[in-house]
Every structure is written in C-alpha cells, then in structure tokens.
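Line by line, the protein sequences are chains A and B. Under this note's numbering, the first sequence is numbered contiguously, ending at residue 916. Under this note's numbering, the second sequence is numbered contiguously, ending at residue 173. Since the structure comes first, as structure tokens, the remarks are kept for the end.
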Amino acid sequence: MSQTTPTTPTRVGPGPTTWTPGKVGESDRRPDGVPKVTGEFEYSSDMRLDGMLWGATLRSPHPHAEIRQIDTSEAEDLPGVYAVLTHEDVPGRKVYGMEIPDQPVLAWEKVRYQGEPVAIVAADHPETARRALEKVHVEYGVLDPITDAEKAVQEDAPKLHLSGNVLRRIRILHGEGVGAAAKADVVVRGEYEVGMQDQAFLGPESGLAVPDGLGGVDLYISTQWLHIDQDQVAESLGMDPDQVRLTLSGVGGAFGGREDLSMQIHACMLALETERPVKMAYNREESFFGHVHRHPAKLRYEHGATRDGNLVYVKARLVFDGGAYASSSNAVCLNAATFACGPYEVPNAEIESHMLYTNNPPCGAMRGFGAVQACFAHEAQMDKLADELGLDPLDLRIKNALKPGDRFPFGQEVPPPAPVREILERVKVMPLPEEQEVMGRDLRGLPGGVSNVTHGEGVKRGVGYAVGFKNIGFSAGFDDYSTARVRLTVEDGEPLVEVHTAAAEVGQGLLMLQAQIARTELGVEKVSILPADTRVGSAGSTSASRQSYVTGAAVKLACEGVRERLFERAREELGEPPDGLSVEAGNVVRDGRTVVPLAELLDGDELEETCEYHHRETHPLDENGQGDVHLQYAFAAHRAVVEVDVELGLVRVVEIATAQDVGKIINPQALEGQIEGGIAQGLGLALMEEIQVKEGKVLNASFTDYLIPTILDMPTVKMEVLELADPEAPYGLKGVGEPPTIASTPAIVAALRDATGLELTRIPVRPEQLAGVSDGPPLPDEPTPGGAGYAEVGRLDGRRET
Amino acid sequence: MHQEDIVIVTLKVNGVERPLAVEPRRLLCDALREDLGLTGTNLGCEQGVCGSCTVLVDGESVRSCLMFAVQAGGCEITTVEGLASGETLHPLQAAFWEKQALQCGFCTPGFLMAGVELLRRNPEPDEAGVRAALAGNTCRCTGYEHIVDAVLAAADGAARERTFAEEPEVDVAAEVVAREGR
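As structure tokens, this is what we get:
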C-alpha cells in the first residue's frame, strides 16, 4: 500500500451558495432548487475521488449470538482487497452512542441484533468488497433472542448489557395520582400498540473518508449533527477532534434516522488503514439495518372524568422496546412520559414510562420522538371517554384543553402561547368536504383505487379528530446551543453577508432560513451560505424541530453583533448618534433616509462576529417526575375524513384538515411543505408503515415490502396556521417539523373507528382488521428466500449459516 | 472478468453518442451513474419501487435499475441532466423550483422524468391524471401537494421557460390563503 498524496476531492466539498434570499416572512426560491432539478446536486452517494476504494460491512445474520471466532484470512487474500478490519482494529474507544456509549463499532464476543456490524472491508470495486464479505468466516454460537420488551424485565431474562435490560424508567406522580379515582364518575380503560416505523429517507446512508496524509482524516457525510459525529468518530479513532474534520454532503432526507452514526467510523478506519479515500454507500436493504427506527410501544391507559366531562385523573403505563442499544432511547422515554396525558389539563396523574433493551433492531429518533406513540393512545382514550359520556369528542377536548398558566403533570407551568382550544376550534369550523356519491364513481376515487373490485357497496365514511404537541429543542438540562459566524464584506462594490454554521440542511429549507435572517437583519441584498462543516462550532442537531429556533437565533445574534459594530462605526466616522439607525437595501438609514451606503462605510474592511446562542436552561425530572423540563411547546390539531370499504378493508383518506401554532411564519411555502410532509408520515404510520420483526429478524427490509404513502394515498391538506408569538423565541417562531406527524395518525384512526365501529387499538391498521377478519396483527410468515427481490432477508440470514 | 464478457454498446444519452464497454449484467442506472458520471439519476431502492432512477428511453419512462445497459443499446436516453437547455430550465424544472415541489430532492429527477412523459402524452392533465401518472414515484418529504401544484402549473404554461437569474412570479402568500380556503 503506497502513500497517497492528500487531495481535495474532485466531486466533493460543496462551495458557498450565494443568492438574493427573501426576507423573514417571505417565500423564497430554494438556492439548492436549481441543482436539485438539474441533477447537479451532489448527494453523499454521488461523491467520487480518483483512486478511492469501496467499503462494505459484514453484518450479523443472528439477533443474538456469541462470536466464537472471526477468520479474515481468506478475505484478505482476495485480489483487490485492501483491508479487512474487525473490533481488534478499532484504535480508540470500541463503543459509541449519543447518550450512552454502549454500541460496538464492530461487534466482539456477542452480537445483539440482526444486522449488527462485525467486520468491514475495503476493496477496489464494490463487488469485490461484497465478495470479500462472503470470505470472512465468523463462527457464531446462536443464543435465544429476547424479543418481547415485557419479558426483558423478568428476573430470569438473560442480561443483554452489564447494566441489565432496563434502559430507563420514569415515573411521574401528579396531584393525588390514582388516589383521585374515587372522584371520577366515569372511567375508561384501553390498551394500545404502535408498530415499528422507519424513517425511510430516500437517499441511503453514504459517506467518503479521505486520509489527510498526516494521520488525520476528512469525512464527507450526510448526517443530522456534524459535531456529535465528530466527537464519536474521534473517540473511536483515538484522535483529537481536530484531526477528524467533517463536511456535510448532500443529504437525501433524514427524519431522525441520521442522528446516530452509521458508517462514519468504519469509513474513517478503512481510509486510515489503506491510506486511500474510502467510500461507503448502503443500498436500501442495508439502510434498514443501518439506522435506528421509531420505537414500538405498548400503552395501557385509564382515564377518569366527572359526569360533565372534566378530566379527574390519568393513569398510564408505557412500555417501549429500545432494541439492542441505547441510541436516543433515554430522551424518547422522557418525552413519552411527559407527553403521556396530551395537551389537556389533568389534575391528577400517575405515569410510568419504561424503556427496555431487547434483541430487536435498535430504536431511536424519528420525527415526533415519543410524543407520537403517546398521542395515539391518549387521543383514542379521549374519544372513548367522549363516547362513554355522550359528549362530542371535540367539545370534550376543548373543555379540557391546556392553557397558559396551567401545570403540566410534570409540574412545569404551561408557557404562553398554548392555543390548544383555539386550534381545536379552528378545525371544528373548517368546512367538511362534500360527500360524493360512491356508486358509479370513477374507480380511482374508491378506497383502494383501481384495485377495488366492487362498485363501492361497502364504502362508509368517517370523520375523526386529534390534537397533539411536541417539545421544541433539547430538554432536561442539556446545554442546547448553536454557533454562527457572520461576516459582512463588500464584493464588486456590493455588500455581501457570509453565514457559516454547522447546521445540517436535510431538505427542510435551512439554507433559506439562515439567509432570510441575514438579509433581514443586515439589510443587504446578497447572502452567501458556506458549506456546513466542523471548522465552525457546533450547531446542534437537525432534530427536535430546533434549527429554526436555535440556529436561527445564533445567526440573528451574530448579525445583530455585526450591525452594532456598523452603527458604532457610523458614530465614530460620521458622528451619527447610533440611536434610530437601521439598515435597509445596502444602506445605513435613519427615518427612511440614507445616511451612508454600507459599502462606503466599510471602506474595504469587513466585520465579523461569531456567536453562540444557548437557549433558556431546562432541568431534569426529579424522583417524582417533576421539573421544568422542556423549552418550548408546539401544538397541532387534525381532522381526518376517510372512506373505508368495510368489505375489502381498503381505505381512502379523503382529506386532512389541520390547524397548527407556529409562532411566526418564516417562509410560507417551506412551512406548507413541512406540514404536508409531516402529515404524510403520520398517514403512513396509521395505515401501512411497519417494520415487521419476528424472533428478532426483520422480514421486510425493502420498499417492496415496507410501504410508504404514494401520491395516491395522500389527500389534499387544508391548513390554518396561527401566528402567536413566543416572546422568548427569535421572531416569536416555534419549531414546525414534528407537530404535523403527531396528531395526524390518531385523527385518521379515529375516522376509521367512526366509519367502522371497530376499536382499532393497534397501528398501523391493517386491511384484515378493517374487514373484520382479524382483531390484531397477523403473524407474518418467514419470507421465502428469493421472493423479495435481489436483496431479500433470506440472504442475510443464510449468508453465514451455509 | 474475462474479455469475452464485455459488450460494446452505444447509448445515445441526452443527444450524445456514448460508446461503453460493459458486462451484459451492467444495469442501466450503474452505467449512467458510474460509467458516464451522470449522478442525477438516483438510486433509492434498486428494485423498481421508488422511481428515483426513472429515465426516458426513446421517450418512455423506464426504471433504470430494472434495465440492463445493453438493452438500451441504440436507444435515445434522456436523464434529468438532459432536460434543461443551457441555462434555461425545462418548464417542469422551473415549476418544481418555484412551487418548492422538493425538499431533499432525492426523488425529484424521477418525478421530473415521469412528469415530462405525462405532459408529452397529455399536455392538459387534471389533478387526478397527475396523481395517476406519478403513482410510481415516492417522495418522503413533501406530502406530494407541491408536486401536484408544480405539474399543473407547468401544464398551464404558468411556469414559462426562464433562466436561473429571473425572479419567480409566483405569489406564494396568495397561495397560502387560497389553500386555507379550499
């Protein structure tokens, strides 16, 4: 292996994006829109470098097994193979993890889930790399997997980790707890279940690691949080963080699935070992094994209320299957516990939230993050209660709606604005879509579309409502911040603002938001956004709907710093009193009159500020589950209208109507996209999306078998947006990405119940349940090898057993 | 790999003849992406489900992950890179940009190719027609509404051909209001 001269990648390292953005509150053409419609946009899977090698990962076919021996010699002898690495080759910390470093970079002694990485190879061609994987011989001693979270807590269950199988337990005691049950006239109970949903971002995981020739490495990667990747990669490589530099490459969607590491450490290890650039790119099957999923959950609820419909108490027991490793399960457990009662004023509550290790696929972040599972259950309960009381389900919700100044069950005072009642009332008065005659309708308009073989005799319509909420930003004492560097300069006689953050644009429109803020605050026409990388401080994660708030605030703060220095300069050089100055269209102005053009005032100089914005401190829960735990709360209500063919079990969602509280609209068009896209993922969870796991093995790791909503499944969305400013947030804004995904699911299921009269306690709801053939999920059969396309699960299972 | 396994095939890609030496099993998508460097054609599932790799072969939309390069020998292939003429976007590209019919953009090339085929067959589709024609493409980000809007706008001629530098004329504030009302 020869020393390779470090090179700047020929097809990586995006340049700055410069354009005239809209101002805050305006829609803007995405600056990445042109490269994305012409095909020039470079996703991480598109990167290539001369002389680069291809990495590949050998994964465990077993959900639980001892590793007795790994023999790599045959693979190493294969021509074209440059490196075969195992856990012995991990230079630094052998485990990683965002919250708890419990996940092996490469497994040793044991594998704890199907698909766990065991060895990695680098070769001159992707096919050679895959062939080499087949020559790595791993001797496994197969163990019984723990696949039921409830069984993982039993005394005799084998311990999957030294710490045991309980990842986290939270108990919230509020008021008298269930001691208040005697005051309730009516009690309803229910048990609910949520299946394992996948983020299913369309661009599979990929990255390119380039050794710098000096012992360090540059990694070009699609991720949600560059700096937490950098820290974990450096730790496992045994290096200082500044020897591991990360640059964001084109991201093909994320939705939580890129918050954990996938191949980051592997690619760097291979690049450093071979002294060559190494690219790794998962295919769809590997992607299903390469990232965490939404936690499956079992939720047991009891709601008590007075005869006139006031909630008296809520008792809830939530059990989450965290899978084999911790990922962000700790925080999901907390979120679910704190959102368990929904956005209602509940005087007494007892909540238990359990997060357990099993041998199922690891679960972690996905849009909605714990609030999704809880919302499905608490909203079903509210409908049940309304039914029991003979009240309108919306009126019951409105009657119990949280308002500012109330206390959450975890003790925090509800901060303003909290327009729960308002959004419910908005949804209530939105006109319902007209009922269309079913018989004789164009086939495409029937539930199931052209696959509906009837004339629509069995079609019934239903309407359902739900409301949900989500914390924005990181919670529970985490020092959540973002860093922005802003530089005002003059280029070709025109003032230009350059913005540099490490915040990950994953498709949501963050480039626009940063530029809109810079243009608004510094009154310039041209803004340049530098590529996100680790040369600037952390921006925190593109998750928890937090980037508009936290990185938005950091960019705003840095712009204000630059602006102050401009005004100071105007005072020093022109004797202008700084009070009453502002910036507009490239000029410093007072009362609408130009004082001096920015270019003239700068006179060839440049002004630069780097600012960190740390949001208000939050606190962890105490032993009774009490504390000021979250930063900001965003609310959304949904109404679903569905048609169900009760004979065939097919569904057509006719319309979703929603009202959401966003604080301030920064970019109307991008906001619509977040709301509509979030609803689509909520619809998917209600009706079709589930990773099916049997005995710890994934049965449907492909887009043939894991279904996501198509353009025919998604209805028109009617939306109303409330702009009630949060006094603490920049421009008064609230995070918008997650709320649409939370209550859309229970609204659809409520509409299905309305249409069918069935209880429907498990999501996704299957056709056989709707047709009354089965009460619950069917037990899936083992897949037939060769039956699911070229990369069927059978191959992964069988790979090392033969 | 033996020499006899290699086939010489000429693809006419975006109007340019591109001779290639490929194995018979070389997928069209890999030939486009890896051999010709046309990475605008994206691979989302590699089994013909997601539609991200859609290209036009003699004007018909085809999933390039389900076709061998040798099958396309002598055919006219259009990829997303071939839609714009110089600096001028195809009206459908312009409409996707203006209507924000994309977020991460990974599915966009496939939607554009399927949309171009639709508009060639039916220059004035209604909403149901647009949805039917694009049912073979999945988008995980947008919820599809802006995609429908963009195709209808392109069909209307509302999104006339424009160069990159021109300002869009879409009054988005008005659209939000209109959507609330519908």
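Even for Gly, the Cβ is constructed at its ideal location relative to N, Cα and C.
*Considering only residues of the same chain and omitting the five flanking positions on each side of leucine 610 of chain A, which have a CB-CB separation below 8 Å?*
Excluding residues within five positions, the ones whose Cβ falls inside 8 Å are Thr132, Leu602, Thr603, Val604, Val638, Lys640, Val641, Ser642.
_chain B contacts made by the region 522 to 540 of chain A, where a contact means CB separation under 7 Å_ = The region 522 to 540 of chain A vs chain B, Cβ under 7 Å: nothing.
*Is there a Cβ from chain B that is less than 9 Å from the Cβ of glycine 623 of chain A?*
Taking Cβ atoms only, chain B reaches closer than 9 Å to glycine 623 of chain A, which makes this a yes.
*Quick one, are the C-beta atoms of glutamine 806 of chain A and glycine 851 of chain A less than 9 Å apart?*
Going by C-beta atoms, glutamine 806 of chain A is not nearer than 9 Å to glycine 851 of chain A.
*Of all Cβ atoms in chain B, is any one closer than 9 Å to the Cβ of proline 355 of chain A?*
So, not an interface residue.
*Using the beta-carbon count (16 or more within 10 Å), is arginine 421 of chain A buried or exposed?*
Counting Cβ neighbours within 10 Å, arginine 421 of chain A comes out exposed, since fewer than 16 surround it.
*Is cysteine 447 of chain A helix, strand or coil when you go by DSSP?*
Secondary structure at cysteine 447 of chain A: helix, using DSSP grouped into helix, strand and coil.
*Give a yes or no on whether 9 Å exceeds the smallest Cβ distance from asparagine 113 of chain B to chain A.*
Not an interface residue.
*Nearest chain A C-beta to arginine 173 of chain B closer than 9 Å, yes or no?*
Below a pLDDT of 50, predicted positions are generally treated as unreliable, and arginine 173 of chain B, at 30, falls in that range; the measurement from the model is reported next regardless. Judged by the 9 Å Cβ criterion, arginine 173 of chain B is in contact with chain A.
*For asparagine 5 of chain B versus threonine 70 of chain B, is the C-beta distance shorter than 9 Å?*
Contact flag set, yes.
_Only counting the same chain, and skipping five residues up and downstream in sequence, which positions put a Cβ closer than 8 Å to that of serine 696 of chain A?_
Apart from sequence neighbours up to five positions away, the residues of its chain that approach serine 696 of chain A with a beta-carbon distance below 8 Å are Gly637, Val702, Val703, Arg704, ordered along the chain.
_Pull the bridge partners of asparagine 128 of chain B from the DSSP assignment, please._
Under the DSSP definition of a beta bridge, asparagine 128 of chain B lacks any partner.
*To which residues of the same chain is tryptophan 339 of chain A closer than 7 Å at the C-beta, ignoring the five residues directly before and after it?*
Cβ neighbours of tryptophan 339 of chain A beyond the five flanking positions: Glu373, Ala618, Gly654, Ser655, Thr656.
*Out of A:Ala784, A:Glu682, A:Val765, A:Tyr196, state which residue places its alpha-carbon closest to the alpha-carbon of serine 187 of chain A.*
Residue nearest to serine 187 of chain A within the set A:Ala784, A:Glu682, A:Val765, A:Tyr196 is A:Tyr196 (criterion: CA-CA distance).
_Between the CA atoms of valine 613 of chain A and valine 709 of chain A - distance to the nearest angstrom_ = Straight through space, the alpha carbons of valine 613 of chain A and valine 709 of chain A are spaced by roughly 25 Å.
*Does leucine 893 of chain A come within less than 9 Å of chain B when only Cβ atoms are used?*
For leucine 893 of chain A, the pLDDT reaches just 49, beneath the cut-off of 50, and the residue's location in the model is therefore unreliable, although a value from the coordinates is still provided. Residue-level contact check: leucine 893 of chain A does not touch chain B, since none of the beta carbons of chain B fall below 9 Å from its beta carbon.
*Compute the Euclidean distance between the alpha carbons of cysteine 98 of chain B and glutamate 527 of chain A, then round it to the nearest angstrom.*
If you take the alpha carbons of cysteine 98 of chain B and glutamate 527 of chain A, they lie about 43 Å apart.
*Continuous beta strand (DSSP E) assignments of at least 3 residues falling wholly in the region 19 to 90 of chain B*: As far as the region 19 to 90 of chain B is concerned, its whole beta strand (DSSP E) runs of at least 3 residues are 45 to 48, 51 to 54, 67 to 69.
_Interface residues of the region 49 to 62 of chain B facing chain A [CB-CB below 9 Å]_ = Here the close residues number zero.
*With DSSP run on the structure shown, which of helix, strand or coil describes histidine 407 of chain A?*
Note: histidine 407 of chain A maps to strand in three-state DSSP.
_Spatial distance of valine 758 of chain A from leucine 557 of chain A (CA atoms)_ = C-alpha separation (whole angstroms): 14 Å.
_Tell me the rounded alpha-carbon separation between leucine 172 of chain A and serine 158 of chain A._
In a straight line, the C-alpha of leucine 172 of chain A is about 21 Å away from that of serine 158 of chain A.
*State whether the region 287 to 307 of chain A contacts the region 406 to 422 of chain A, with contact taken as three or more CB pairs (one from each stretch) at a distance under 8 Å.*
A contact exists between the region 287 to 307 of chain A and the region 406 to 422 of chain A.
*asked:* In the DSSP assignment, the beta strand (DSSP E) including glutamate 720 of chain A goes from what residue to what residue?
replied: Run containing glutamate 720 of chain A: none; DSSP gives neither H nor E here.
_Report the CB separation of arginine 9 of chain B from leucine 34 of chain B in whole angstroms; it is logged as a contact under 8 Å._
Actually they do not touch by this definition, with Cβ atoms about 19 Å apart.
*Taking only runs that begin and end inside the region 599 to 678 of chain A, name each unbroken alpha helix (DSSP H) of 4 or more residues, in chain order.*
Runs found: 624 to 636.
*Pairing CB atoms from the region 388 to 404 of chain A with CB atoms from the region 265 to 280 of chain A, are three or more of them under 8 Å?*
Touching, no, given that fewer than three Cβ pairs across the two stretches are closer than 8 Å.
*For isoleucine 631 of chain A, is the classification buried or exposed, using 16 other Cβ atoms within 10 angstroms of its Cβ as the cut-off for buried?*
Looking at its Cβ environment, which holds 16 or more other Cβ atoms inside 10 Å, isoleucine 631 of chain A is buried.
_What are the residues in the region 102 to 131 of chain B lying within 7 Å of chain A by C-beta distance?_
Residues of the region 102 to 131 of chain B with a C-beta less than 7 Å from any C-beta of chain A: Leu103, Ala119, Arg122, Ala123, Leu125, Ala126, Thr129, Arg131, listed in chain order.
*Starting from the beta carbon of lysine 150 of chain A, find every residue of chain B whose beta carbon is closer than 7 Å, and list them in chain order.*
The contact set of lysine 150 of chain A on chain B, defined by CB atoms closer than 7 Å, consists of Leu93, Gly96, Thr99 in chain order.
*Measure the Cβ-Cβ separation of methionine 166 of chain A and leucine 333 of chain A and say whether it is below 9 Å.*
Cβ distance not < 9 Å, so methionine 166 of chain A and leucine 333 of chain A don't count as in contact.
*asked:* With a threshold of 9 Å between beta-carbons, can glutamate 264 of chain A be considered close to chain B, or not?
replied: Residue-level contact check: glutamate 264 of chain A does not touch chain B, since none of the beta carbons of chain B fall below 9 Å from its beta carbon.
_Strictly under 9 Å for the Cβ-Cβ distance: is valine 4 of chain B near chain A by that measure?_
No, valine 4 of chain B does not count as interfacial toward chain A.
*Between glycine 73 of chain B and the rest of its own chain, which residues show a CB-CB distance below 6 Å, the 5 nearest in sequence each way excluded?*
So the qualifying residues of the chain are Asn5.
*Considering only residues of the same chain and omitting the five flanking positions on each side of leucine 797 of chain A, which have a CB-CB separation below 7 Å?*
So the list reads Val767, Pro823, Asp827, Met828, Ser858, Ile862, once near-sequence residues are dropped.
*Compile a chain-ordered list of the residues in the region 17 to 39 of chain B whose CB is closer than 9 Å to at least one CB of chain A.*
Here the close residues are Arg24, Glu25, Gly28, Leu29, Thr30, Gly31, Thr32, Asn33, Leu34, Gly35, Cys36, Glu37, Gln38, Gly39.
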